[in-house]
Amino acid sequence: MQGSRSFFPKSLFFFIAALFIPLAITNDYHLRVVNMVVLYSIVALSINLIVGFSGQLDFGRSAFVGVGAYWSAIMMQRFGFPFLPAFLSAGMICALVGAGLGLLCRKSSFDYLTLITIGFNEMCRLIFLNWQSVTNGAMGLRKVPPPVIFGYVFDTNVRYFYFSLILLSLCYVLIRRITESKLGRAFQAIRDDPIAAAYSGISVPDYKVLNFAVGSFFTGIAGSAMVHYTQYASPYNYTLDESIYILQMVILGGLGSLPGSILGTALLVILPEISRTFYEYRLASVGLLMVFMMMWAPNGILGRQGVGEKVIGLARFLPVRRKAPQEKGRGVS
Amino acid sequence: MSVLLKVERLDKFFGGVKALVGVDIDVKTDEILGVIGPNGAGKTTLFNVVTGFEPPTRGSVFFDGHEITQRPVYRVCQLGIARTFQNIRLFGQMSVIDNVMVGMHSELKTSLLGIILHLRSHMSKEKGAYLKAMKILDFLGLHEVVTELSSNLPYGMQRKVEIARALSSDPKLLLLDEPSAGMNPQEALELMALIGEIRKLGPAVVVIEHNMQVVMGISDRIVVLNFGEKICEGTPEQVQNTPCVIEAYLGKEEESDASGN
């Protein structure tokens, strides 16, 4: 609550700076990478809400990206829905599916919940792959139409950049508001100590379901925004590997830190694009990075007591040490 | 004084282990009730069963006119029971003030819409909760550490944060499970004074305590448990002079003679 006042100008600054990105980056391919960073950031934020704030290790997030993507693609392509209803209903459907999955996990402890989400991810992948008549099977859905809002078509990289940037900002603000409210405190309480949370009057199972539903809503709209950008939905995009990769973005940035999720996403989306060699080994190298992170900086870059705070702490520490002898000298003389 | 909490013929068995056997306890409004007994006497189990954390094998619990025997923990707590734990249970990755504000969870009634739109009703409630939490932290002398992560605090302060969280929900009944565990005599004395102050705020207090000085000093009445049974009940003076209590703590006289020889 106190945080929002001091934090807002900073995030507003980043938002305004981001508005100028298309001026600086004119290369279409580069802008495409930036767009993927923005879109994946929304997914990362939603994962942070579930894994970072509520402590439910969910390995099946890309399934929700897929559900949102297929839903809104099919709504627009087959049933001729306009973009906005298709887009928002994708979020709603994912929230419902998330609540359903949450209901299944209501009473299960941490490890079993993780196994259930892995199973759910596989299940969704197989449905996307095999429900030929609806999802077009392994061929995927091609030529998904771009978003049209009040007659304005978001069909170029620059236009889509602004669309996804505004979407990301909205999601960021909403998720921040949720995490700073009673709701966010309840989620964090469940993460830190479910028993003490229950003794504070929180219905732990119900809040787990709510957390899944809210988080999945954001994952769903991100999935929808992605599919209208790439204009192609393939069952091979929504695998367990992908889930783990997105999860690593959040962990790298710092669980429980919203700016961290965006930073982690930027790193893990841009790095593989810089060198193709890295791309080929991306799962291996990111896996290795994770091992080292877990050993030396389990809180990620911007998490509480993470790498960032350590670096800042070190920087603060240096001048203080230089100053101290001076003052001492003055005192003596 | 009316009866706030009524525990009737409560049994709790863990397989063959009888943790509580036919325990009857009444807690009146505005009183401090001490619960003592040797280790394994069933004191913490009593708290767990009363708050619905563990279902009783037999018997019933009434609180403030409601039967709460089968209710889940969070509903019991919403009725106005708060507790602290023998081994501290704080939300380690949250700041002290957030820990206390979690305690106000059920009295903050805001909708999801209010939260995401920052409606004025939501903001004012949030502000009110923040100010109230600050007041409680001031009362407990924790105003200097409000933004600190609770897991970074020293032990004694963590205990106080736990008490602050319990108090933040304005409970009618406060259950303290060995609040002076791990404290030195000086800190224990401060704690005694603190519990005296808390009583002035209104809640009835049930306190499990091993430190005899503390429990004899603050309690209006004391209940003694041994092997799950209530063996004695009365004022501190009465309890101290009851043979069966001395026996439970120190053993029978013949036995000590026998071991002496």
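Protein chains in written order, with our numbering: chain E, 1 to 333; chain V, 1001 to 1261. Ideal Cβ placement from N, Cα and C applies to all residues, glycine included. Every value quoted in this text rests on a predicted model; they were computed, and no experiment measured them.
> With C-beta atoms as the reference, is residue 1228 of chain V less than 8 Å away from residue 1042 of chain V?
Replying inline: yes
> Roughly how many angstroms separate the alpha carbons of residue 1006 of chain V and residue 1060 of chain V, rounded to a whole number?
Replying inline: 8 Å
> Under the DSSP definition of a beta bridge, which residues are partnered with residue 1066 of chain V?
Replying inline: V:1063
>> Checking 8 Å against the spacing of the C-beta atoms, do residue 38 of chain E and residue 141 of chain E come in under that value?
In response: no
> For residue 181 of chain E versus residue 1115 of chain V, is the C-beta distance shorter than 8 Å?
Replying inline: yes
> Quick one: what does DSSP say residue 106 of chain E is sitting in, helix, strand or coil?
Replying inline: coil
>> My output table needs one value for residue 1208 of chain V: the three-state DSSP class, helix, strand or coil.
In response: strand
> Which chain V residues sit within Cβ distance under 9 Å of residue 189 of chain E?
Replying inline: 1091, 1094, 1098, 1099, 1102 and 1105
>> Using a 10 Å radius around the Cβ and a threshold of 16 neighbouring Cβ atoms, would you call residue 277 of chain E buried or exposed?
In response: exposed
> Between which two residues does the alpha helix (DSSP H) carrying residue 338 of chain E extend?
Replying inline: Nothing in the structure corresponds to residue 338 of chain E, since chain E is present only between 1 and 333.
> Count the other CB atoms within 10 Å of the CB of residue 982 of chain V; is the residue buried (16 or more) or exposed (fewer)?
Replying inline: Absent from the structure is residue 982 of chain V, since the part of chain V shown begins at 1001 and ends at 1261.
> I think residue 1010 of chain V touches residue 1204 of chain V, with their Cβ atoms under 8 Å apart; what is that distance to the nearest whole Å?
Replying inline: Their Cβ separation, rounded to whole angstroms, is 18 Å, which puts residue 1010 of chain V and residue 1204 of chain V out of contact at 8 Å.
>> Using a Cβ-Cβ distance cut-off of 8 Å, determine whether residue 9 of chain E contacts chain V.
In response: no
> What residue range is occupied by the uninterrupted beta strand (DSSP E) comprising residue 1024 of chain V?
Replying inline: 1017-1028
> Considering only residues of the same chain and omitting the five flanking positions on each side of residue 1071 of chain V, which have a CB-CB separation below 6 Å?
Replying inline: 1052
> Cβ of residue 1102 of chain V within 8 Å of Cβ of residue 1085 of chain V?
Replying inline: no
> DSSP three-state call for residue 322 of chain E: helix, strand or coil?
Replying inline: With a pLDDT of only 45 at residue 322 of chain E, under the threshold of 50, the placement of this residue in the model should not be trusted, and no figure is reported.
> Over what stretch of residues does the alpha helix (DSSP H) that includes residue 1138 of chain V continue unbroken?
Replying inline: 1120-1139
> By Cβ distance, which residues of its chain are closer than 6 Å to residue 86 of chain E, with the 5 residues on each side in sequence left out?
Replying inline: 72, 75 and 76
> Around the C-beta of residue 294 of chain E, are 16 or more other C-beta atoms found within 10 angstroms, so that it is buried, or is it exposed?
Replying inline: exposed
> Distance, Cα to Cα, residue 1189 of chain V vs residue 315 of chain E?
Replying inline: 43 Å
>> Given this structure, state the Cα-to-Cα distance separating residue 350 of chain E from residue 1075 of chain V, to the nearest angstrom.
In response: The structure shown does not extend to residue 350 of chain E, since chain E spans only 1 to 333, so no value can be given for it.
> Can you list, in chain order, the residues of its chain whose CB lies under 6 Å from that of residue 1207 of chain V, leaving out five sequence neighbours each side?
Replying inline: 1034 and 1176
> Cα separation between residue 330 of chain E and residue 312 of chain E?
Replying inline: Note on residue 330 of chain E: pLDDT 40, under 50, position unreliable in the model; no value is reported.
> According to DSSP, which residues form a beta bridge with residue 232 of chain E?
Replying inline: E:142
>> For residue 281 of chain E, count the other beta carbons within 10 Å of its own beta carbon; 16 or more makes it buried, fewer makes it exposed. Which is it?
In response: exposed
> How would you label residue 14 of chain E, buried or exposed, when you count the other beta carbons within 10 angstroms and need 16 or more for buried?
Replying inline: exposed
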